[in-house]
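Have a look at the structure below before the remarks.
The structure is reproduced here in structure tokens:
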């Protein structure tokens, strides 16, 4: 295990086992059994969320996407004027992948826990704000869990199982319903449902 950065994280260890690169077939099978769904359905989610970036970035940190509108909501707009780069309305464009941790660290200096809750994490891009449904008692525990692929899978399975409508959607491959519940009401803007459906078809034939 190696330390990835020197930013204070209230004793949360942001480390990564370099031997873990991604989900194994056995992991997919185990998760599919837990959710009573097809392996290809879970693969479709991963392909949609992080096929290009992977579960970890090129520095070994969990892949993230920072959402400033979450931070603004969680901090009641306190930093919208002074720090519009990390707090404000939903981004029109999120910027480069390489900029996401820069934004996260800036937000952490203002309110660490709100910052963690304002990013989506790992192979499944689960929002930190969903840490309770993901099976964690604290956002710090969630962030630490994101440092391993098994922790990311644990969070996804719990999150889906704890929201029956979401679990039913993945079982029935109702991609529009799944995307609305998983990615939010604006899912059609980026065509998450169509992408998931296409990726499911691709996963079946891999």
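Residue numbers (this note's numbering): 1 to 206.
The C-beta atom is built at its ideal place from N, Cα and C for all residues, glycine as well.
Residue closest to residue i, alpha-carbon to alpha-carbon, out of the options
i           : options              : result
residue 268 : 79, 193, 188 and 171 : Outside the displayed span of the chain (1 to 206) sits residue 268, for which this structure offers no information.
residue 183 : 42, 103, 125 and 89  : 125
residue 68  : 133, 41, 30 and 119  : 119
residue 210 : 176, 110 and 34      : No answer is possible for residue 210: it lies beyond the span of the chain, which begins at 1 and ends at 206.
residue 198 : 44, 21 and 27        : 44
Contact set for residue i: own chain, Cβ-Cβ below 7 Å, skip 5 residues either direction
i           : result
residue 38  : 32
residue 170 : 35, 37, 41, 160 and 178
Beta-carbon spacing of residue i, residue j below 7 Å
i           : j           : result
residue 66  : residue 104 : yes
residue 133 : residue 97  : no
residue 123 : residue 50  : yes
residue 181 : residue 166 : yes
residue 172 : residue 135 : no
Residue environment, residue i, which counts as buried when at least 16 other CB atoms sit within 10 Å
i           : result
residue 204 : exposed
residue 193 : buried
residue 129 : buried
residue 29  : exposed
residue 82  : exposed
residue 61  : buried
As assigned by DSSP and simplified to three states, the class of residue i
i           : result
residue 123 : coil
residue 45  : helix
residue 74  : helix
residue 66  : strand
residue 56  : strand
residue 135 : coil
residue 101 : helix
residue 36  : coil
residue 164 : helix
6 Å Cβ shell around residue i - same chain, five flanking residues per side excluded
i           : result
residue 201 : none
residue 195 : 48
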